[in-house]
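Working notes, beginning with the structure itself.
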Amino acid sequence: MTSIPLSAYLVLALVLFCIGLYGALTKKNTVIVLISIELMLNAVNINLVAFSRLGPSPSITGQIFSLFTIAVAAAEAAVGLAVLMSLYNRKKTVNIDEMNSLKH
Amino acid sequence: MTLSGEMLAFTLLSLAAIMGGILLITLDRVVHMVIALVFTFISIAGIYVMLSAEFVAAVQVLIYSGAITIIMLFGIMLTRHNDTNQQTAGIFRKLLLLLGIAGFGIAVYAGIYQLDIPPEETSLHIDNTRKIGTALYSRHIIPFELTSVLLLAALVGAIILAKKDSEKGEEEEG
Amino acid sequence: MLDKGDEDAMMEIAWIIPLFPLLSFLLLLAAGRVLKEKSAYIGILLTLCSFLFSVLVLWGRIRGDTYKAEADWLNIGEAHIKAGFEVNQLNALMLVIVSLVSFLVHLYSKGYMQREDRLPVFYAYLGLFTFAMLGLVISPNLLQLYIFWELVGLGSFLLIGFYFYKEEAKAAAKKAFIMTRIGDVGLFIGMILLFWKTGSFDFQVIFQEVEGGGITQSMITLTAILIFIGAMGKSGQFPLHTWLPDAMEGPTPVSALIHAATMVAAGVYLVAAMYPLFLASTSAMLIVASIGGLTAIFAASIGLVQRDIKRILAYSTVSQLGYMMLALGTGGYTAGVFHLMTHAFFKALLFLAAGSVIHAVHTQDVEEMGGLWKKLRITGPVFLIGTLAISGVPLFSGFFSKDEILSSAWENGNYVLFGLAVIAAFFTAFYMFRLFFLVFSGRLKKQGVLVHESPRSMTFPMIILAVLAVISGYINTPWFGTFLGSWLTEGNPYLEPEHRSGPVWIMGAATLVSLAGIALAYLIYRRNSISREWLGGEGSFLHTVLYNKYYVDEFYQGTIVWLTGFVSIFLSYIDRFIVEGLVNGIAASIHKLGRLLSRFQTGQTQHYGAIAFLGLAVLVIIFALTGGMFG
């Protein structure tokens, strides 16, 4: 029996999510943007695991889901970095501001 | 709410996680940021343990603190950085975003505050890894196999993306 | 003796008649550049086929009964619109007239147009016109008739504007198109009204409704007048006549085919085809007769003083068409159709002969001609035959048909119209012989021209027409029987089998009047025993008014054209400043808005993300405040 309420975990996840969001939307370096997105995914994972333990009907499924999320996040990180590398080869920069070829 | 050992552990872990996040935002050097985030990832692993998810905690340490961090460090090393002072974006946009995020946070917090689900006794911590294994290979077998396909695709895609362009770059240079 | 099946078989193939000229049109359009001069042979051959089939169909109709074939074309709700063809007496007669004149004109053009580079185009247009005209005369319903009616107008437009590099030809083509269009609007409205009232375009159905009292009397009068307006436009009746003389800018064979024998007769044909409708309304009949009589005398008086040989003939055409309308309006169905037929022959003859004269002396001004009788050994006599026929000299075709018209006007009891007709007959005789004497007697006034007779391809059609101009009158005479009259009205419940012999003295009076006209022309222009200044010479008021065609064109120019111009300038300013300003304003403001919004489109992912997230944040806050999600 745990004495930590569900809402404590949820608030922690919320704070981390907001930090990740802020980083993803303001950082200039593309690597940091990717990392911030990982942080946001982590916050979501906390929610999943917290609900799997303290939710209305506790079960193992929440943990399984977080495992899938981690796998997809890993794939995303790999592909994202590959895209970043090829962009870097072309533009010689990792500044996200300068990647604006899709301008009107 | 009494100050139990569990409570203490939770407070420390969450503080460490949040500190890591804040450092990520405030630090100047890119490598430092990534290192700061390792603290967050490890703290989150601790949180998982508290939530009777030992296996997920192990995976968290292996994948996030290990693999992804290393990949990111490689990414940083392979690209050139005029490192410091990566601050960007206009003040106006930052303020607006802060405001939006704060509003969002408060609104969601209001929702969380109203949430009241009584905790139940579970047996998730007993044979946690076995249970995960059983569930993965029985009930969730199809998503599991699909994930392997996804990982393979990501692997091949990442190699092709990085390789082709580097060749092109060489040709251009040569 | 043929049995019944054969006659039907003859008429069954009537649909093929218009297809020959259409084939000619398409062939020449496709291969005209390759064929060059040979394209004339294609046109001639195919119209000859048309003519032969038309004769067969006429023969079949004389032996048998009216033949009608239809198929559903459009089914809209309750209304079934049909397409097909019909061979009745009038249609069969028109088929022969049109295809014969068309064939002869094709033949004639071979000589007349031989030095023209765009010969294939000319023949293609002739084919299109002939197709449209033949289609027009076998239409069993108003809608189909209207389609061909417009096609005929198009053919006329193309042929008048054939010398499109001449300003006058261009203007004349446009004028013809627009003036006839005014009439077409009337026809169109009349047609729609009839459809609205009877639910059918079919002639027979409309007539049955009219007879059965399905339409009110005032509606009958209204539709009859509207349809007559259409006929006025095509047949050059006053006040829509001004385009016809200008249409003489086209090549002369075209004038003979379209603006003398066939298309302008389409108006008369239309009135004849819709005759039961007109018969049902006395006021419509009176209007038709009055307009016809007025046009007859009006155009004839203008014809007295004109100098251009083709224009004289054009005004004569207008006048003769007025005659036909007068005949129809006074109840002389046979008289009108009869005159339509004889006129087609002798007026085509006159135009072709005039073309031959122009071909020889290269001028159209009659004052510059003269003494051609000895030089044009064929053209001269055939022109004389045509002149005698149109003047109504006994034994020639015009005499019989004109006599018929005068009788019908007399019988109708409208003595004013009868008087007008008699005076118009006098004028006709006078100006035609004025023309004849000026062209063929005396001495050639234009110097340095080598006058020579036209080639055989031109003289042959003239000779044929001359023969017809003499003999075509004998199918309906008070002396040898009224074959045409009884045949035309036979089996038609709306028309009484008629022959209005009228008082015998009418024939004598008509002869006297035309001889008087001839004599006066002879005295003035041949013997010079009466001065030309006798009734006012050049420069006198009367002469000026007549020479300027009663200033009708100037009147239109000063009123309708000026008013239209004024209104259109006014509207163009509204369009330019108000409407266009509005449109441009809207376009400009949207453009500016787009500019503004496009600044969000920075191409930077973070901006997009920020904007999307802010939107989400706003939504979430709203939900939280209103309790939408958690409440």
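Residue numbers (numbering that gives the first Met the number 0), protein chains in the order written: chain A, 0 to 103; chain B, 0 to 173; chain C, 0 to 630.
Glycine included, each C-beta is placed from N, C-alpha and C at the ideal position.
Owing to the predicted nature of the structure, the values given are computational and were not obtained by experimental measurement.
- Residue 573 of chain C and residue 151 of chain C have their C-alpha atoms some 36 Å from each other.
- Only buried fits residue 37 of chain A, as 16 or more other CB atoms lie within 10 angstroms of its CB.
- Against chain B, the CB of residue 613 of chain C has a partner CB under 8 Å away; the residue lies at that interface.
- The residue from C/517, C/564, C/101 and C/280 with its alpha-carbon nearest to that of residue 389 of chain C is C/517.
- For residue 14 of chain C, there is no enclosing beta strand (DSSP E), as DSSP marks it with neither H nor E.
- When the Cα atoms are used, residue 17 of chain B and residue 148 of chain B turn out to be separated by approximately 35 Å.
- Where residue 11 of chain A is concerned, the enclosing alpha helix (DSSP H) starts and stops at 5–25.
- Below 8 Å, enough C-beta pairs join the stretch 174–185 of chain C and the stretch 213–231 of chain C to call them touching: three or more.
- If you draw a 10 Å sphere on the C-beta of residue 70 of chain C, you find fewer than 16 other C-beta atoms in it, and that means exposed.
- With respect to residue 131 of chain C, residue 154 of chain C sits close: the two C-beta atoms are nearer than 8 Å.
- Around residue 133 of chain C, the same chain offers 16, 17, 20, 49, 94, 97 and 98 as residues with beta carbons nearer than 7 Å, after the five sequence neighbours per side are excluded.
- Here the alpha carbon of residue 102 of chain C sits roughly 5 Å from the alpha carbon of residue 46 of chain C.
- Sorting A/13, A/23, A/24 and A/75 by C-alpha distance to the C-alpha of residue 45 of chain A places A/13 at the top.
- In its chain, beyond the 5 residues on either side, 364, 365 and 366 have a beta carbon closer than 6 Å to the beta carbon of residue 306 of chain C.
- Between residue 40 of chain A and residue 592 of chain C, the alpha-carbon positions lie close to 38 Å from each other.
- Taking a beta-carbon distance threshold of 8 Å, residue 100 of chain A counts as an interface residue toward chain C.
- Counting only unbroken stretches of 4 or more residues, the alpha helix (DSSP H) elements lying wholly within the stretch 118–160 of chain B are 127–136, in sequence order.
- The C-beta of residue 49 of chain A comes no closer than 8 Å to any C-beta of chain C.
- The C-beta of residue 18 of chain A comes no closer than 8 Å to any C-beta of chain C.
- Along the stretch 26–44 of chain C, none of the residues has a CB nearer than 8 Å to a CB of chain B.
- Between residue 42 of chain A and residue 16 of chain A, the C-beta gap is smaller than 8 Å, which places the two residues in contact.
- Counted as a single uninterrupted DSSP element, the alpha helix (DSSP H) harbouring residue 470 of chain C occupies residues 455–470.
- Contact between the stretch 308–321 of chain C and the stretch 275–288 of chain C is absent: fewer than 3 CB-CB pairs across the two stretches fall below 8 Å.
- Leaving aside the five residues that flank residue 269 of chain C on each side, the residues in its chain whose CB is nearer than 6 Å to its CB run, in chain order, 230.
- Of the residues assessed, residue 99 of chain A falls on the exposed side of the cut-off, its CB having fewer than 16 other CB atoms within 10 angstroms.
- With a cut-off of 8 Å on Cβ pairs, the stretch 158–169 of chain C is not in contact with the stretch 287–295 of chain C, counting fewer than three such pairs.
- In summary, the residues of the stretch 86–104 of chain B whose CB is separated from some CB of chain C by less than 8 Å are 88, 92, 95, 96, 99, 100, 102 and 103, in the order they occur in the chain.
- Taking every protein chain shown into account, the CB of residue 117 of chain B has fewer than 16 other CB atoms within 10 angstroms, so this residue is exposed.
- Taken through DSSP and simplified to helix, strand or coil, residue 70 of chain C comes out as strand.
- By the Cβ test, the stretch 337–356 of chain C is not in contact with the stretch 417–430 of chain C, since fewer than three Cβ pairs between them sit closer than 8 Å.
- At least one CB of chain C lies nearer than 8 Å to the CB of residue 24 of chain A.
- Inter-residue distance for residue 10 of chain B and residue 96 of chain A is about 38 Å (C-alpha atoms, whole angstroms).
- By the neighbour-count definition (other C-beta atoms within 10 Å, threshold 16), residue 340 of chain C is a buried residue.
- Across the structure, residue 504 of chain C and residue 410 of chain C are spaced so that their CA atoms are roughly 13 Å apart.
- By the Cβ neighbour-count rule, residue 178 of chain C is buried, with 16 or more other Cβ atoms within 10 Å of its own.
- The Cβ atoms of residue 10 of chain C and residue 56 of chain C sit closer than 8 Å to each other.
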